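Protein sequence lines correspond, in order, to chains A and B.
In this text, residue positions in the first sequence follow this note's numbering: the first is 4, and each later residue adds one.
In this text, residue positions in the second sequence follow this note's numbering: the first is 19, and each later residue adds one.
Just so you know, even glycine gets a beta-carbon here, dropped at the ideal spot from N, CA and C.
These figures come from a predicted structure and were not determined experimentally.
One structure below.
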Amino acid sequence: KAGVTQTPRYLIKTRGQQVTLSCSPISGHRSVSWYQQTPGQGLQFLFEYFSETQRNKGNFPGRFSGRQFSNSRSEMNVSTLELGDSALYLCASSFLVPLGRSTDTQYFGPGTRLTVL
Amino acid sequence: TQLLEQSPQFLSIQEGENLTVYCNSSSVFSSLQWYRQEPGEGPVLLVTVVTGGEVKKLKRLTFQFGDARKDSSLHITAAQPGDTGLYLCAGLTQGGSEKLVFGKGTKLTVNP
Numbered sequence: 004k005a006g007v008t009q010t011p012r013y014l015i016k017t018r019g020q021q022v023t024l025s026c027s028p029i030s031g032h033r034s035v036s037w038y039q040q041t042p043g044q045g046l047q048f049l050f051e052y053f054s055e056t057q058r059n060k061g062n063f064p065g066r067f068s069g070r071q072f073s074n075s076r077s078e079m080n081v082s083t084l085e086l087g088d089s090a091l092y093l094c095a096s097s098f099l100v101p102l103g104r105s106t107d108t109q110y111f112g113p114g115t116r117l118t119v120l
Numbered sequence: 019t020q021l022l023e024q025s026p027q028f029l030s031i032q033e034g035e036n037l038t039v040y041c042n043s044s045s046v047f048s049s050l051q052w053y054r055q056e057p058g059e060g061p062v063l064l065v066t067v068v069t070g071g072e073v074k075k076l077k078r079l080t081f082q083f084g085d086a087r088k089d090s091s092l093h094i095t096a097a098q099p100g101d102t103g104l105y106l107c108a109g110l111t112q113g114g115s116e117k118l119v120f121g122k123g124t125k126l127t128v129n130p
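And the structure:
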């Protein structure tokens, strides 16, 4: 079974641009969560989607948005990029809603490394 | 505000030594997870602890959840170079809007 895939793996953008990152979950998984990882703040929750609906959202500005398609694939978009948006963006999928059940494991993708110049 | 404080931030030890990583909070969590992340990869779940006082063992790794469900520890016995990596704890918050909050991680290096 293929794991979670994220594209692109690396991305360089300049301030003010926008970017779209893609995540394909493990086949059969319906839940996708997104995280931002930086050396200073660690891993921070962005948002979670289940069956095309956003179930939960972290404390990030409105420049960060996402969506999920009927095939469970998900995209996240960051508009008006800032230097501080440079980070590793991780996507995780699970069969059911991952939170609240100790047995639902989240499987992480390798991430997209975004550099904002 | 970092809900989960993880310590130490960096740890460099020799093969065969024992070590403990701590994860502390003033908040109560429904459950707590430990992950290991290697360079260029996403975190991989090692264990989930749910009950206060719970202890789980995974070969040379022992995980403990505090009685009050506010803290946790990871103990590695006889560390090996293959244990090198970034260890992350993550707590599931309580309340209506559950989410997973992560500690900043402990970067472990085991030297042969």
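Contact check, residue i vs residue j under 8 Å by CB: the rounded distance?
i, j, result
"Y53 of chain B", "A108 of chain B", "7 Å"
"S89 of chain A", "H32 of chain A", "With a Cβ gap of about 28 Å, S89 of chain A and H32 of chain A do not count as contacting."
"T115 of chain A", "P11 of chain A", "6 Å"
"L14 of chain A", "L117 of chain A", "5 Å"
"Y110 of chain A", "V7 of chain A", "5 Å"
"P99 of chain B", "E33 of chain B", "6 Å"
Below 8 Å CB to CB, which residues in the same chain sit around residue i once its five sequence neighbours on both sides are set aside?
i, result
"V46 of chain B", "A86, R87, K88, Q112"
"V14 of chain B", "The displayed coordinates of chain B run from 19 to 130. Any statement about residue 14 of chain B would go beyond what the structure contains."
"T106 of chain A", "Model confidence at T106 of chain A stands at a pLDDT of 48, short of 50, so the residue's coordinates are unreliable and nothing is read from them."
"K172 of chain B", "Absent from the model: residue 172 of chain B. The displayed extent of chain B is 19 to 130, so no value can be given."
To which residues of the same chain is residue i closer than 6 Å at the C-beta, ignoring the five residues directly before and after it?
i, result
"K60 of chain A", "F50"
"L21 of chain B", "S43, S45, V119"
"S25 of chain B", "Y40"
"F98 of chain A", "H32"
Name the chain A residues that come within less than 9 Å of residue i, Cβ to Cβ?
i, result
"F120 of chain B", "Y38, Q40, G45, L46, Q47, F48"
"G71 of chain B", "Here the premise fails: no neighbours, minimum Cβ distance about 15 Å."
Ignore the nearest five residues each way along the sequence and tell me which others in residue i's own chain have a CB closer than 7 Å to its CB.
i, result
"E35 of chain B", "A97"
"V67 of chain B", "S49, L50, K74, F81, F83, S90"
"T41 of chain A", "A90"
"T102 of chain B", "L126, T127, V128"
"Q71 of chain A", "V35, Y52, E55, S77"
So what's residue i in DSSP terms, helix, strand or just coil?
i, result
"F28 of chain B", "strand"
"D89 of chain B", "strand"
"L86 of chain A", "helix"
"K16 of chain A", "strand"
"G69 of chain A", "strand"
"G84 of chain B", "coil"
"G45 of chain A", "strand"
"G100 of chain B", "helix"
"L126 of chain B", "strand"
"L63 of chain B", "strand"
"L22 of chain B", "coil"
"A5 of chain A", "coil"
Is the beta carbon of residue i within less than 7 Å of some heavy atom of the ligand COA?
i, result
"T124 of chain B", "The ligand content of the structure shown is nil, which means the ligand COA is not present either."
Whose Cβ in chain B lies nearer than 8 Å to the Cβ of residue i?
i, result
"Q57 of chain A", "Here the premise fails: no neighbours, minimum Cβ distance about 12 Å."
Strictly below 7 Å CB to CB, what residues from chain A border residue i?
i, result
"P61 of chain B", "F111"
"L106 of chain B", "L46"
"G123 of chain B", "G45"
What does residue i reach in chain A if we use C-beta pairs closer than 8 Å?
i, result
"G113 of chain B", "The contacting residues do not exist; G113 of chain B stays about 11 Å from chain A at best."
Which residues in chain B have a C-beta closer than 7 Å to the C-beta of residue i? List them in chain order.
i, result
"G69 of chain A", "Result: empty, since nearest Cβ-Cβ is about 15 Å, beyond 7 Å."
"L93 of chain A", "G60"
Taking C-beta pairs closer than 9 Å, name the residues in chain B that residue i reaches, listed in chain order.
i, result
"G19 of chain A", "In chain order: nothing, as chain B lies at least about 29 Å away."
Original post:
Is the stretch 71 to 89 of chain A touching the stretch 20 to 37 of chain A, taking contact as three or more C-beta pairs under 8 Å?
Top reply: yes
Subject >> Cβ pair count under 8 Å reaching 3, the stretch 99 to 106 of chain B against the stretch 120 to 128 of chain B >> reply: yes
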